[in-house]
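Numbering (the numbering used here), first residue to last: 349 to 1023.
Virtual Cβ for every residue (Gly too), placed ideally from N, Cα, C.
Quick notes on the structure that follows.
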Amino acid sequence: MSIKPPQPAPTWDHRPGEIGTLIKDLIAKDRLLMDKIAALPAGECNFQSLALSVAETDFDAVAEPLSFYQNVSADKALRDASNEAEVLVRDYGVESSMRIDVYRAKVAAEKNLKESGQWEKLSAEEKRLVERMILDGTRAGLALPKEQRNQLTTLKKELSQLCLEFSKNFNEEDQRITFTEKQLDGVPKDVISGYTKRTEGSEEVYDATYKTPDIFPIFKFAKNPDTRRKAFEGYESRLEVNVPLLSKALNIRRELASILGYKTWADYVTEVKMIKNGKGVIDFLDDLEEKLRPVGLKDRETLLALKKKEHEELGLPFDGEFYIWDYRYYDRKFIESSLDLDDMLVKEYFPVTVVVPTILDIYQNLLGVRFEEINGTTWHPEVQQFSVWEKDSKDESGFIGYCYLDLYPRSGKYSHAAVWPLLPGHDNSDGKRSYPIAAMVANLAKPTPDKPALMRHDDVVTFFHEMGHVFHGLLSHTKFSRFHGTSVARDFVEAPSQMLENWCWEPQVLEKMSSHFETKKPLSPELITKLVKSRYVNVGLFYLRQVFFAKFDIKVHTSSEDQDYTALWNSLRESISLVKSGKLTPGQGTFGHITGGYDAGYYGYTYSLVFAADMYATIFKADPLDPARGKRYREKILVPGGSREELDSLKDFLGREPNSKAFLNELFGSQSANL
Ligand SMILES: [Zn+2]
349 MSIKPPQPAP
359 TWDHRPGEIG
369 TLIKDLIAKD
379 RLLMDKIAAL
389 PAGECNFQSL
399 ALSVAETDFD
409 AVAEPLSFYQ
419 NVSADKALRD
429 ASNEAEVLVR
439 DYGVESSMRI
449 DVYRAKVAAE
459 KNLKESGQWE
469 KLSAEEKRLV
479 ERMILDGTRA
489 GLALPKEQRN
499 QLTTLKKELS
509 QLCLEFSKNF
519 NEEDQRITFT
529 EKQLDGVPKD
539 VISGYTKRTE
549 GSEEVYDATY
559 KTPDIFPIFK
569 FAKNPDTRRK
579 AFEGYESRLE
589 VNVPLLSKAL
599 NIRRELASIL
609 GYKTWADYVT
619 EVKMIKNGKG
629 VIDFLDDLEE
639 KLRPVGLKDR
649 ETLLALKKKE
659 HEELGLPFDG
669 EFYIWDYRYY
679 DRKFIESSLD
689 LDDMLVKEYF
699 PVTVVVPTIL
709 DIYQNLLGVR
719 FEEINGTTWH
729 PEVQQFSVWE
739 KDSKDESGFI
749 GYCYLDLYPR
759 SGKYSHAAVW
769 PLLPGHDNSD
779 GKRSYPIAAM
789 VANLAKPTPD
799 KPALMRHDDV
809 VTFFHEMGHV
819 FHGLLSHTKF
829 SRFHGTSVAR
839 DFVEAPSQML
849 ENWCWEPQVL
859 EKMSSHFETK
869 KPLSPELITK
879 LVKSRYVNVG
889 LFYLRQVFFA
899 KFDIKVHTSS
909 EDQDYTALWN
919 SLRESISLVK
929 SGKLTPGQGT
939 FGHITGGYDA
949 GYYGYTYSLV
959 FAADMYATIF
969 KADPLDPARG
979 KRYREKILVP
989 GGSREELDSL
999 KDFLGREPNS
1009 KAFLNELFGS
1019 QSANL
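So this is what it looks like as structure tokens:
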């Protein structure tokens, strides 16, 4: 028996020609509303009169699905129209975020609320909304005098130009590095056959690009250390052209921070994150480095012993050093010799037709929900659509929202795995509820003539992770859309999904979700053990490398003056990652995160892992499939979304302040006792 959802599913029958009109109408409507708000006499501004949150919601509800088509539609004209629509939406976003008249109305509203005593009557979420709205404006510089605002605009344009140029160079880099067949000894034949072969003098040589599929096999397989060194130094130097651009961008960020009243760019960026300031990042990374160092040293010792042995066997000189170009090579050798894990064999146990429904089942039981497949219209016949309900719901009050799964590759489709929160949930002004919609877009394998569609274990982990975002988007319940679901601080948003990845490493769960495509048997305990063991191989060196990137990022965004970034890059790498460098290489020119939106944010990847590990170890580890624990997770982490401080949600969930013990325990395994 099916209950009728209180909110109809959206239709997906837009034609390319109408998208532009719909968006333009929407923008005009919103602009009019903003004009009205701006025109209010200061004395009449109050919480209701702002009406901004509602406007924001209506706007996204129309705009989001329309700009989604560009990622999933099979119709190129529709994708193009959707893309053009998104450009309009973005431009409008810039325009409206810079409206000083609207900002002044917000400030007036806050003042009136506080002076009239109304402020105390607002809920915590309502207060947070007003504060966040005003903070947006202040951070954009709207509280500054006109001259400084103009200065900000000029600098921001210049900065975005520099960042664009940086990434353009990154994308268009097309140099070659040349080796003889002898120099490439060890590199797989099928990789070499992909290089361009030509004759130079009397010798045949191969030109390799610096793209991952060409160059990484050299790092991983070339036996001759000189080949690896040459390849590495070329690779690190390939974007020297970006060095002055980065330097300029950092100077502009310093100026921007100072105009906006922040000590450093990192303080500005992290103000709206969980970590709150640049010093927090530095302390976090210092502490992590100190704790990781002994593990990394031990990893290095193991790999160095391998190197010594191999150099003796091959008759190569050995100077007792472990170089940066040795890392991937000996890491690979160590994994091969110690693990004996066959990826291709593991894959045979994960047919898509088994894994996907099992993962849905796990989530449904854990979080107390029910998926019902429905046959409405979608953007493509392969897409599955579900209405999502409370597990035991008997009437429409148990409705949660809609979910789409668009799992298989096709031409013109977004090529990775990601989740689009198409509609946020929120209360309408009439008191009724607007329900959320989330879409998962992935590119799982398709069947071949002799095998069904199979997933690598990596793919299983990714799918589980992404479904974590889907449930964050479905199960959140906030009054305002601004705080819905994954609208949390950027250095926290990955933590829930990173935590959920742990299920894919639990023997009982692996057994449950695996079924060999021929024998129908689950993974053997022996294979499960090998798989689980593979998770933490050489993690000390791996995470120290992450700490190096994060420290470079935070150093350049907290220092008060320009410096020699090439020297900084090389010295930090050597001291943190525990690998020796050769000649100085301008690797910072290849560090796209720093101009691609992750500035003063690289730490976030490891930072959220710490919370993920703490949540898992503290609450779930003892019984990961227990619905009571799932309920607690749902109530304390998923429901509040961004409507309160992430740290408060974590404390509520854990019953104490979070800490990094679980994360370190995970990495150190049994040797953790004394740390
Ligand atoms: Zn994610």
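Counting along the chain, Gly644 sits inside the alpha helix (DSSP H) bounded by residues Gly626 to Leu662. Assignment of beta-bridge partners to Thr544 by DSSP yields Asp555.
As DSSP reads the structure, His774 sits in a beta bridge with Ser782. Per DSSP, the continuous beta strand (DSSP E) segment holding Tyr752 begins and ends at Phe747 to Asp754. Proximity to ligand 1 was defined by a C-beta distance below 7 Å to any of its heavy atoms, and the residues meeting it, in sequence along the chain, are His813, Glu814, His817, Glu842 and Ser845.
Bridge pairing for Ser735: Glu720 and Tyr750 [DSSP]. The beta strand (DSSP E) runs of length 3 or more contained entirely in the stretch 935-972 do not exist; there are none.
In the three-state reduction of the DSSP assignment, Ala605 falls in the helix class. Ranked by how close their Cα comes to the Cα of Ser997, the residues Pro844, Pro797 and Val643 have Pro844 in first place. Ala457 has its alpha-carbon roughly 10 Å from the corresponding atom of Trp467. Lys739 places its beta carbon less than 8 Å from that of Val717.
Exposed is the label assigned to Gln911, since fewer than 16 other Cβ atoms lie within 10 Å of its Cβ. Going by C-alpha positions, Glu603 is about 21 Å away from Lys621.
Of the candidates Arg883, Phe580, Cys751 and Asn886, the residue whose Cα lies closest to the Cα of Leu823 is Cys751. Between Pro573 and Val539, the CB-CB gap reaches or exceeds 8 Å.
Around the beta carbon of Asn498, fewer than 16 other beta carbons lie within 10 angstroms, which makes this residue exposed. Rounded to whole angstroms, the gap between the alpha carbons of Gly485 and Ile607 is 14 Å.
The beta carbon of Val702 is closer than 8 Å to those of Met861, Ser862 and Ser863 in its chain, skipping five residues each way along the sequence.
Following the DSSP letters along the chain, one finds Thr528 inside the beta strand (DSSP E) bounded by residues Arg524 to Thr528. If you compare the alpha carbons of Phe416, Ser585 and Ala614 with that of Arg601, the shortest gap goes to Ala614.
Met622 sits in coil when the DSSP states are folded into three classes, being neither helix nor strand. For Tyr671, the closest of Leu687, Asn517 and Leu652 by C-alpha to C-alpha distance is Leu652.
Residue nearest to Glu842 within the set Asn1013, Gly644, His905 and Ser956 is Ser956 (criterion: CA-CA distance).
The beta-carbon separation of Val836 and Gly989, rounded to 6 Å, stays under the 8 Å limit for a contact. As summarised for the stretch 450-538, the continuous alpha helix (DSSP H) elements at least 4 residues long and confined to that stretch are 472-487 and 494-520, given in chain order. If you ignore the 5 residues before and after Pro855, its C-beta comes within less than 6 Å of the C-beta of Ile876, all in its own chain and listed in chain order.
DSSP places Val885 outside both helix and strand once states are collapsed to three, so it counts as coil. Residue state for Val789 is assigned as strand, using DSSP reduced to three classes.
Its chain contains Ala597, Ile600, Arg601 and Leu604 as the residues whose beta carbon lies nearer than 8 Å to that of Leu507, once the 5 sequence neighbours on both sides are disregarded; these appear in chain order.
Judged by DSSP in its simplified three-state form, Ala765 adopts coil rather than helix or strand. The beta carbons of Phe567 and Trp673 sit closer together than 8 Å. Residue pairing from DSSP places Leu802 in a beta bridge opposite Pro699. For Leu370, the enclosing alpha helix (DSSP H) stretches over residues Pro364 to Ala387.
Of all C-beta pairs linking the stretch 866-873 to the stretch 652-663, fewer than three are shorter than 8 Å, placing the two stretches out of contact. For the pair Ser829 and His774, the CB atoms are nearer than the 8 Å cut-off.
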